[in-house]
Structure formats: structure tokens, C-alpha cells
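The opening position of the sequence shown corresponds to residue 1 in the UniProt record's numbering, with each subsequent residue numbered one higher.
Just so it is clear, CB atoms sit at the ideal spot from N, CA and C, and this is done for glycine as well.
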Amino acid sequence: MEIRIGILQCDHVADDLIKDHGDYQDMFTDLVLSQDDEIEISVYDLTADQFPIDLNACDGYIITGSKFSAFEDIPWIHKAKDLVKDLYQAQIPTVGICFGHQLIAEALGGKVERATDKGWGVGVHQWQIKNQQEWMKKNPLESISMRASHQDQVVEMPKDATLIAGSDFCPIAGFQLNSVVTFQGHPEFSKEYLETLITNRLDRIGENTTNAAIESLKKEVDGKTVGSWMVDFIKNSRA
1 MEIRIGILQC
11 DHVADDLIKD
21 HGDYQDMFTD
31 LVLSQDDEIE
41 ISVYDLTADQ
51 FPIDLNACDG
61 YIITGSKFSA
71 FEDIPWIHKA
81 KDLVKDLYQA
91 QIPTVGICFG
101 HQLIAEALGG
111 KVERATDKGW
121 GVGVHQWQIK
131 NQQEWMKKNP
141 LESISMRASH
151 QDQVVEMPKD
161 ATLIAGSDFC
171 PIAGFQLNSV
181 VTFQGHPEFS
191 KEYLETLITN
201 RLDRIGENTT
211 NAAIESLKKE
221 VDGKTVGSWM
231 VDFIKNSRA
């Protein structure tokens, strides 16, 4: 079965880091193709107002992370929320990662806030799987560990959404609502890229949190498994 996945890019890697780490669409392309190298990829740079004209041009979409907040009053973010609503109405499978997780929540009636009481969620984090789903069955896990970098959190899921993953630090770290699935963590991030990102944000994150985050990067992660879930979710939804 031929599958085309659209990557809805919501940010860019800093210019001085692209040579070593690639841009965000490269990270997601590598993740997807590591599961099935015959999948076709289309990239839409939402920050440059490049939105899909025909939603059915792709079998499913992945919304990337971003340094922006899903609740910011920025034209392309408002337009991206409208796109999420259109994709949901059309029942086209859509996966949101980090900012994408939060954007989908906001677009479909949930709520996102800056986690001022908890601070930055950075480094390798672990979340318990709260509800096993059909698209997880090839690679089932009771918990998932992923690299993370976020200040904002989903504090209310959209109505009727099913909680997928959570922890004490981040109670809503993933959810499913019919044709959308989301995760707060970054299955696409390499250890080296996140370490550079954390180090560059030392002044914003704080020394103690930074040191703990760098230490946590020694832990194994389940990014490839989550990548397989993402691909299987899109394939199963379009079968």
C-alpha cells in the first residue's frame, strides 16, 4: 500500500545547528523512513504560510514541535488550528508532537498553559501508558521514555479524548481523539541535538535543571517504538 505522509513544519533548527543535526523535517523524515522506507514524504512549512491545498494529497500528517506556544496570537498559528479542525472533520489521521500535541489540544477544545509551577520539562522523561490502543499492539509498552523539551503543557484534553500517556510532572503527555493522536515527547530528537539545545538554553532553563537534564540523556529512549506507533496509526486509519 502506497502511503504519503505530510510533515507540517512549525519551526526550524537554528542555522548553526542544521549542518550537524538537520532541520526538523529531516528528523521526522528519518524517523518515518526508519519504519518503512517506501513511504513518500511531503513537507509544508506552516511558518512560511505553506499549507496543504488538497488535504487528501497525503494519507496522514505529522505536526512538528516548535519554540512557539500554541496559545500565541500569531497568524500562522491561528491558521494551523483551522487546519487541524479541517483535518479532524475530514477524519484524516494526524499526529501531533510536542507543540503539535498542544496545538491539536487547543484547536479541538482543550487547554494549554505555561507550566510555571513545574518549570521546564527537559531531558529524558518517562510516561506511563494509560490506555493501550490498537496501533500499539505490534510494539506494546507499559511506559515510554522520550527526549523532551517544553515549557507548556496540555492541562485539559478535548472533550471525549482518551488519555494515552502521563506522569506526575506531565499528567497529559499524549491523547487520542478519533483521527488524532498526540505525544508531548520528541521521538525524532537525537541525544546530541537535545544536549546542544539544553546547553544553549542554560540561562533560560537554570543550572540545576540543565545538569539533571544532561545526566538523564544517558537513559535509553523509546523513540523508534513511538515512531512505529505513529506510522501504524496512519496506515491503520487509511486501510
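Q.
Taking its Cβ as the centre, do 16 or more other Cβ atoms sit within 10 Å of Pro75, making it buried, or is it exposed?
A. exposed
Q) What number of angstroms, rounded off, separates the C-alpha of residue 241 from the C-alpha of Phe169? A) Nothing about residue 241 can be read from this structure; the chain reaches only from 1 to 239.
Q. With 16 other CB atoms within 10 Å as the buried threshold, where does Leu202 fall?
A. exposed
Q | Contact with chain D by Asp152, beta-carbon distance below 8 Å | A | In summary, chain D is missing from the structure at hand, where a single protein chain is found.
Q | Assigned secondary structure, Met146 (DSSP; H/G/I helix, E/B strand, else coil) | A | strand
Q) Taking Cβ to Cβ, would you say Ala105 is nearer than 8 Å to Leu55? A) no
Q: Determine, using beta carbons only, whether Gly166 and Lys130 come nearer to each other than 8 Å.
A: yes
Q) Which residues does DSSP pair with Asp117 in a beta bridge? A) In DSSP, Asp117 forms no bridge with anything.
(Q) With the cut-off set at 8 Å, would you say Gln184 and His150 are in Cβ contact? (A) yes
Q: State the Cα-Cα distance for the pair Ala173 and Thr182, rounded to the nearest angstrom.
A: 8 Å
Q: Give me whichever residues DSSP pairs with Val112 in a beta bridge.
A: Val154
Q.
Whole angstroms are fine: how far does the CA of Pro187 sit from the CA of Ala70?
A. 20 Å
Q. Would Val154 pass as a contact of Gly110 if the rule is Cβ separation under 8 Å?
A. yes
Q: Measure the alpha-carbon distance for Asp30 versus Ile97 and round it to whole angstroms.
A: 15 Å
Q: Go ahead and label His78 buried or exposed: buried means 16 or more other beta carbons lie within 10 angstroms of its beta carbon, across all protein chains shown.
A: exposed
Q: Measure the C-alpha to C-alpha separation of Asp160 and Asp16 and round it to an integer number of angstroms.
A: 43 Å
Q) From what residue to what residue does the alpha helix (DSSP H) around Leu87 run? A) Pro75 to Gln89
Q) beta strand (DSSP E) containing Ile39: first to last residue? A) Counting along the chain, Ile39 falls outside any beta strand (DSSP E), and DSSP gives it neither H nor E.
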